[in-house]
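Each residue of the sequence shown is one higher than the one before, counting from 370 in the numbering used here.
The next block holds one structure in the form of structure tokens; read it before the comments.
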Amino acid sequence: MLVFLYMLRLETISSDVLRAFVERAALTPAALLGKDVPHDVLEPVWLTVFTSMFLHGGPLHIGGNMLYLWIFGNNVEDTMGSGRFLLFYLLCGVVAAVAQIATGPDSTVPMLGASGAVAGVLGAYVVRFPAAQVETCIFFFFITIIRLPALIVLGFWFLLQFTQGVAALSGADPDGGIAWWAHIGGFVAGMLFINLFAKRHSVRYNNWH
């Protein structure tokens, strides 16, 4: 959040200043692989794998990520403790970046956002708390809120990411610019790593509250 506030401050100075900051600190796949890109990049370039996780493209971008983290992150953190959770979060973000780079190694478009790391939290949640009831908005002629198992809610979320990711690979992605494979990679990483990071006798929760 502090980084986002700093970005808002830069925007009040000049949009060019903000753009230069984002281009330097965001992750550019081609630059990470040692290729030339049309903008300056933070050195050493591997640092952008981590700095990019703290950048966001606007209020909706950071708001959506923080909402998911608020809903699902507390229970996952409780299973491993704050220190392990931070390491787990960053590791999922790294795997997410690798997954996205693998699908577009020549891209010179900067990547930014915590979505990949947050997706790792979602993957961990669906493994540890698949039956937890999550309040979900349903749009069908009218808006209603129902409670569904996390396995269904997050399973549907992952399916959406996967189908959009496949569409992006085929060039048929209508929402170009979204790092779908970062979401997929982070989610799978969270599913794989949760039992490595969770405490042996961590508490399980039946419902989100």
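Virtual Cβ for every residue (Gly too), placed ideally from N, Cα, C.
Task: Spatial distance of A483 from A551 (CA atoms) - done: On the sequence shown, position 114 is the one that residue 483 refers to. On the sequence shown, position 182 is the one that residue 551 refers to. The straight-line gap from Cα to Cα measures roughly 10 Å.
Open item on the list: Could you give the first and the last residue of the continuous alpha helix (DSSP H) run that contains S384?
Closed with: As a position in the sequence shown, residue 384 is number 15, starting the count at 1. S384 -> alpha helix (DSSP H) spans S384 to A394.
Open item on the list: Tell me whether the region 433-450 and the region 486-495 touch, counting them as touching only if at least three CB pairs, one residue from each stretch, are closer than 8 Å.
Closed with: They touch, by the three-pair rule.
Open item on the list: Going by C-alpha to C-alpha distance, which of T532, F454, T472 and R516 sits closest to I563?
Closed with: Locating residue 563 in the sequence shown gives position 194, where the first residue counts as 1. It is F454.
Task: Between the CA atoms of Q533 and S539 - distance to the nearest angstrom - done: For the purposes of this step, residue 539 is identified with residue 170 of the sequence shown, where counting begins at 1. For the purposes of this step, residue 533 is identified with residue 164 of the sequence shown, where counting begins at 1. Looking at the two C-alpha atoms, the distance is approximately 10 Å.
TODO: State the DSSP-derived secondary structure class of P407, mapped to helix, strand or coil.
DONE: Indexing the sequence shown from 1 puts residue 407 at position 38. In the three-state reduction of the DSSP assignment, P407 falls in the coil class.
Open item on the list: Does S484 come out as helix, strand or coil in the three-state DSSP assignment?
Closed with: Against the sequence shown, residue 484 aligns to sequence position 115. Helix at S484.
Open item on the list: Quick check: the Cα distance between A468 and S451, rounded to an integer number of angstroms?
Closed with: Position 99 of the sequence shown, counted from the first residue, corresponds to residue 468. Position 82 of the sequence shown, counted from the first residue, corresponds to residue 451. Each residue's alpha carbon lies about 26 Å from the other.
Open item on the list: Distance check for F556 and F390, CA to CA, integer angstroms please.
Closed with: Here residue 390 corresponds to residue number 21 of the sequence shown, with the count starting at 1. Here residue 556 corresponds to residue number 187 of the sequence shown, with the count starting at 1. Distance between the alpha carbons of F390 and F556: 28 Å.
TODO: Output yes or no for whether 8 Å exceeds the beta carbon distance between A537 and W526.
DONE: The residue labelled residue 537 in the question sits at position 168 within the sequence shown. The residue labelled residue 526 in the question sits at position 157 within the sequence shown. No, Cβ-Cβ distance for A537 and W526 is not below 8 Å.
Open item on the list: Quick check: what's the CA-CA separation for V362 versus L517?
Closed with: Nothing in the structure corresponds to residue 362, since the chain is present only between 370 and 578.
- [ ] Give the straight-line distance between the Cα atoms of V386 and R378, rounded to the nearest whole angstrom.
- [x] As a working note, residue 386 is residue 17 in the sequence shown. As a working note, residue 378 is residue 9 in the sequence shown. Distance between the alpha carbons of V386 and R378 is about 10 Å.
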